[in-house]
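Trainee: Residue numbers (the numbering used here), protein chains in the order written: chain A, 1 to 344; chain B, 1001 to 1285.
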């Protein structure tokens, strides 16, 4: 039997990583956190790495997902699967609205729109304290047992069993995204990333593709948000803050855009390093600042780009260096003014 | 009625401070086509340097002179050693590197001055209130309005009546042409970036006695500055002035009518402006 391509390579790497993670890391809850944010970074990567859209709005989807799941669990007394499905749907719908409006502009105006929406959703969540708990967040979010068609598979009470649940979801989303990226749909997204005018000229409705990419990204990120709320037993206001979106963005970029495994690396790196360093040096965010600067100056492919070029050197390939995946083609500053006008 | 007069004056003061921050951001974007996410951090530095100078010398006026200049020098140094390497990269990388810079500055401020905010006293000369009939208003707030109005006028003269201003305006139109005419464009970039940061630092000093200095106000003020720049139109002096005053007035009046709605309205109008009129109220299409 022929094994499809999307089950080889980095899928195997993720499987191995997921299997050894709880044993390498000091605690299972840290491993859970790594995987939850890996899922969020995967969602972000589809937009940033594969469609070329730098969105500060990922926090909206993450926060909406955690509110949707928590409210569904608390008020409707629904099960685990139903609540996560609701988060998936809500995330997709919100992303359709936010993304659909934001992609009406391009370049820096697109970024500004996502920023404006991120702030609006934050202040809406802050104001609607009857629903979201406002500043206090939603307390006592339950983590119900996993039931499929009435069969109780696990109570998810122990953190290791919750880890297994999150890991299965992570792998499923990873494989699904790989499948999407290697489909004609994914190739179209890449075409839009590399040259939107050309994609339009060939006859693709780029707006439709961008909205669908946004919806997939929003749904995935919202599921991560829901998982996070159940993990914390708490849905804090900070889940929908624009800093959350920024953090997800940083993970994606540090790991390497344009590589799904990079998202796992980035989330793992930021969370583990943050956990280790914050205990000994509360100002470790400064290191993150320097790291971002260094990434822009020296390693635009992120961690995954480093590994790739090391592997290339190991195999003896010269010049395996590829174009930085984040970019439209680099343009000289002296000629970008016209493009800036086109962005509008 | 006097309540509204009070709110309007407050709004004007706030608006002028927003103008000072936003105009630098706007000019930098216009000339360099560069999105500076570290601009809020320059405001932050201005406030903290003000605190430091006042703590050392007890002289607010000295800090009004020195603090913005130091901020400008730091920005000039960062521009000419770091940011000038990323001008030919896509916007995403410019956003990242300036976000990194903002994080470094914020965390350095916490290391030096701690997480707890600092208060800066209103200078002796400007303490007290002005009494007009039954209406009283703090002198310092009046000083902020008039002082920043003078700065705005000077800046307008600089941009409209000097060779430097002509170069900045010409560069915003067509950078390549200005460079072909024999102007050292990278020097112009550095000076403009430093000037923009100086203005943000000045805004930080002026705001310090009103709201103190705390390490997380940089990010907050950056959001407002983007709103002002977008509403007024990127690259436009008039836009920054009108946008700043509008946002200041809306914030001040709304906060007496419906406090939770202030930010919703501000960011909502930002989104609306980009969607309906992306070049802002005063930008050129």
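Just so you know, even glycine gets a beta-carbon here, dropped at the ideal spot from N, CA and C.
CA-CA distance, residue 1156 of chain B and residue 1110 of chain B?
Mentor: CA-to-CA, the gap between residue 1156 of chain B and residue 1110 of chain B works out to about 35 Å.
Trainee: In whole angstroms, what separates the C-alpha of residue 349 of chain A from that of residue 1125 of chain B?
Mentor: The structure shown does not extend to residue 349 of chain A, since chain A is modelled only from 1 to 344, so the question has no answer here.
Trainee: What ranges does the alpha helix (DSSP H) occupy inside the stretch 1070–1127 of chain B, keeping only unbroken runs of at least 4 residues that lie completely in it?
Mentor: 1091–1113
Trainee: What residues from the stretch 1100–1114 of chain B come within 9 Å of chain A, judged by C-beta to C-beta, listed N to C?
Mentor: Within the stretch 1100–1114 of chain B, the residues whose Cβ lies closer than 9 Å to some Cβ of chain A are 1100, 1101, 1102, 1103, 1104, 1105, 1106, 1107, 1108, 1110 and 1111, listed in chain order.
Trainee: Suppose the cutoff is 8 Å on Cβ atoms and the five residues either side in sequence are ignored; what does the same chain contact list for residue 1136 of chain B look like?
Mentor: 1129 and 1130
Trainee: Taking Cβ positions only, does residue 93 of chain A come closer than 8 Å to chain B?
Mentor: no
Trainee: Do you know how far the Cα of residue 1034 of chain B is from the Cα of residue 1281 of chain B?
Mentor: 20 Å
Trainee: Given that a residue counts as buried once 16 or more other Cβ atoms are within 10 Å of its Cβ, and exposed if not, what is residue 289 of chain A?
Mentor: Classification for residue 289 of chain A: buried.
Trainee: Give every residue of the same chain whose Cβ lies closer than 7 Å to the Cβ of residue 167 of chain A, excluding the five residues on either side of it in the sequence, and list them in chain order.
Mentor: 18 and 35
Trainee: On a Cα-Cα basis, can you pick out the residue from B:1011, B:1017, B:1043 and B:1009 that is closest to residue 1194 of chain B?
Mentor: B:1043
Trainee: Measuring only between beta-carbons, confirm whether residue 50 of chain A sits less than 8 Å from chain B.
Mentor: no
Trainee: For the structure I just gave you, are there three or more beta carbon pairs, one from the stretch 1001–1015 of chain B and one from the stretch 1230–1246 of chain B, closer than 8 Å?
Mentor: yes
Trainee: In whole angstroms, what is the alpha-carbon distance linking residue 343 of chain A and residue 293 of chain A?
Mentor: Only weak support exists for where residue 343 of chain A lies, its pLDDT of 47 falling under 50; the value from the coordinates is given anyway. Going from the Cα of residue 343 of chain A to the Cα of residue 293 of chain A covers about 25 Å.
Trainee: Taking the straight line between their C-alpha atoms, what separation do you get for residue 29 of chain A and residue 1158 of chain B?
Mentor: 58 Å
Trainee: Go to residue 213 of chain A, then tell me how far its alpha helix (DSSP H) extends in each direction, as first and last residue.
Mentor: 206–232
Trainee: Taking the alpha helix (DSSP H) that residue 170 of chain A falls in, what are its first and last residues?
Mentor: 159–181 is the span of the alpha helix (DSSP H), which, as asked, contains residue 170 of chain A.
Trainee: Consult DSSP for residue 18 of chain A and reduce its assignment to one of helix, strand or coil.
Mentor: helix
Trainee: May I ask you to report which of helix, strand or coil DSSP gives residue 278 of chain A?
Mentor: helix
Trainee: Using beta carbons (cut-off 8 Å, strictly below), is residue 33 of chain A in contact with chain B?
Mentor: no
Trainee: Determine the DSSP secondary structure at residue 1219 of chain B, reduced to helix, strand or coil.
Mentor: helix
Trainee: Could you check which residue in B:1148, B:1183, B:1115 and B:1199 has the C-alpha nearest to that of residue 1066 of chain B?
Mentor: B:1199
Trainee: Helix, strand or coil for residue 387 of chain A per DSSP?
Mentor: Because chain A in this structure spans residues 1 to 344, residue 387 of chain A falls outside the shown range and cannot be described.
Trainee: Taking residue 292 of chain A as the query, report the chain B residues whose CB atoms sit under 8 Å from its CB, ordered along the chain.
Mentor: 1096, 1097, 1099, 1100 and 1103
Trainee: To the nearest angstrom, how far is it from the Cα of residue 1230 of chain B to the Cα of residue 98 of chain A?
Mentor: When rounded, the distance between both Cα atoms is 18 Å.
Trainee: Tell me, please, whether the stretch 1216–1233 of chain B touches the stretch 1055–1072 of chain B by the rule of three or more beta-carbon pairs shorter than 8 Å.
Mentor: no
Trainee: Give, in chain order, every residue of the stretch 1254–1270 of chain B whose Cβ lies closer than 7 Å to some Cβ of chain A.
Mentor: 1260, 1263, 1264, 1267, 1268 and 1270
Trainee: Check distances from the C-beta atoms of the stretch 267–288 of chain A to those of chain B and list, in chain order, the residues that come in under 7 Å.
Mentor: 283, 285, 286 and 288
Trainee: Could you confirm whether any beta carbon from chain A is found closer than 8 Å to the beta carbon of residue 1086 of chain B?
Mentor: yes
Trainee: Can you round the beta-carbon distance between residue 1047 of chain B and residue 1183 of chain B to whole angstroms, since I take them to be within the 8 Å contact cut?
Mentor: Not a contact, Cβ separation roughly 35 Å.
Trainee: Do residue 58 of chain A and residue 240 of chain A have their C-beta atoms within less than 8 Å of each other?
Mentor: no
Trainee: Name the DSSP beta bridge partners of residue 1138 of chain B, please?
Mentor: B:1129
Trainee: Taking 8 Å as the CB-CB cut-off, is residue 1176 of chain B touching chain E?
Mentor: Of the chains in the structure shown, none is chain E; the protein chains are A and B.
Trainee: Within 10 angstroms of its Cβ, does residue 246 of chain A collect 16 or more other Cβ (buried), or is it exposed?
Mentor: buried
Trainee: Label residue 215 of chain A either buried or exposed according to how many other C-beta atoms from any shown protein chain fall within 10 Å of its C-beta, with 16 as the threshold for buried.
Mentor: buried
Trainee: Check each candidate in A:210, A:250, A:125 and A:222 and name the one with the smallest Cα separation from residue 105 of chain A.
Mentor: A:210
Trainee: What residue does the alpha helix (DSSP H) around residue 46 of chain A start on, and which one ends it?
Mentor: 28–48
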